[in-house]
Structures are given as C-alpha cells and as structure tokens.
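Working notes, beginning with the structure itself.
Residue numbers (full-length UniProt numbering): 1 to 175.
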C-alpha cells in the first residue's frame, strides 16, 4: 500500500478504496493487507473455493456475489471510512467495467494479481466464461480460450484507462 502513501502523501488511507483481483496463492494476502492499513480492499476472485478459503481463514472479512450489492457496499464503506476487506466472487473485468460507468469515481487505487505470465493455462480467466466454463475451454478449445483471453484483457484495460483518466491510480506489482 506504499502506492497509496505515495499517491496521496499520507499514511491515512481511511475511506480510500483499492481494487484488485486474485485470492489464490500469493495474492490471497491482498484483502488482509488493505484491512490492516485502514483502507477498503475489494478483491475479485473467479474461484468461489479460493474466495471462501480466504474468508474462512479471516483474510477477507466479507464475500459478495452480486455486482450491484458490491457497488452499494463500496459507497457505504467510503462514506463511513471503514477499514474492511471485501471479496467479490466473480470476474474483476465485470467490476472494472461497472465502475467505469458510474458517475463518481469510487476507486482510488487499482492493481491486479492474476497470473498474466500464464494467461492461457489458468493464470487469467476471461470475463465471457464462468470459472468452470473457462477450465473446460482451456482443455477442449485452447485457441478459442486464447481469443477470449485477449478480448477480455482489452476490455479490462479499456475500463481501467477510463478510471485512470478520472483520477484513479493504477499500478502493477508483479504482472
């Protein structure tokens, strides 16, 4: 969260919202880190199993499955300046695209912890398919899966660019 300190010139991140993705391996610490630093951490995870594991371990305080509910919860937490960690069970591209259509910029900091060094072998899941559909497509039609990954990444970057133009700070730390 040094990015937050550098971006805002303060150690006080209360009321600031960080959005990322991935609660599998190393990325599983993201929600807890946000909570410890006093900000609102929103981390999307396509694997319900991985999200539930982090929630059960106490690394993520709450899980939300509905995108509209997530947006309302972000607003509530910003207003109250709550230090919390929210796991969104779904694809981060849906979140980025929804946030890009909102009138207000609800996200202050953004990043990504999907394994984009292996995007075609389970490191990235395209928004067009569910987690299970993606796993099947990877095996049965790798070329189609690759096309969907490319399209999904383009959509993700386009939404992030819109939010960046409106003041959100996006940084990369590992991908």
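We put the CB at the ideal spot given by N, CA and C, even for glycine.
Segment limits, beta strand (DSSP E) that includes residue 41 = Taking the chain shown and counting its residues from 1, the one referred to as residue 41 is at position 41. First-last of the beta strand (DSSP E) with residue 41: 40-45.
Within the same chain, show all residues whose beta-carbon is closer than 8 Å to that of residue 121, passing over the 5 residues directly before and after it, in chain order.
-> Residue mapping note: residue 121 aligns to position 121 of the chain shown, counting from 1. Contacts found: 138.
Does the separation of the CB atoms of residue 98 and residue 148 fall below 8 Å?
-> Your numbering for residue 98 matches position 98 in the chain shown. Your numbering for residue 148 matches position 148 in the chain shown. Taking 8 Å as the Cβ cut-off, residue 98 and residue 148 do not qualify as a contacting pair.
Mind reading off the beta-carbon distance from residue 100 to residue 159? Whole number of angstroms is fine, and I expect it under 8 Å.
-> To locate residue 100, count along the chain shown from 1; it is residue 100. To locate residue 159, count along the chain shown from 1; it is residue 159. About 4 Å; that satisfies the 8 Å criterion.
With distances taken between CB atoms, is the gap from residue 113 to residue 15 smaller than 8 Å?
-> Taking the first residue of the chain shown as position 1, residue 113 is located at position 113. Taking the first residue of the chain shown as position 1, residue 15 is located at position 15. 8 Å or more divides the Cβ of residue 113 from the Cβ of residue 15.
Alpha helix (DSSP H) segment containing residue 88, residue limits | Here residue 88 corresponds to residue number 88 of the chain shown, with the count starting at 1. From DSSP, residue 88 is part of no alpha helix (DSSP H) but of the beta strand (DSSP E) over 84-89.
When the Cα atoms are used, what is the spatial distance from residue 165 to residue 104?
-> Position 165 of the chain shown, counted from the first residue, corresponds to residue 165. Position 104 of the chain shown, counted from the first residue, corresponds to residue 104. Taking the straight line from one Cα to the other gives about 12 Å.
Can you give me the start and stop residues for the alpha helix (DSSP H) that residue 149 sits inside?
-> For the purposes of this step, residue 149 is identified with residue 149 of the chain shown, where counting begins at 1. Its alpha helix (DSSP H) spans residues 142-165.
Could you tell me whether the Cβ atoms of residue 4 and residue 109 are closer together than 8 Å?
-> The residue given as residue 4 occupies position 4 in the chain shown. The residue given as residue 109 occupies position 109 in the chain shown. Result yes, Cβ atoms of residue 4 and residue 109 sit closer than 8 Å.
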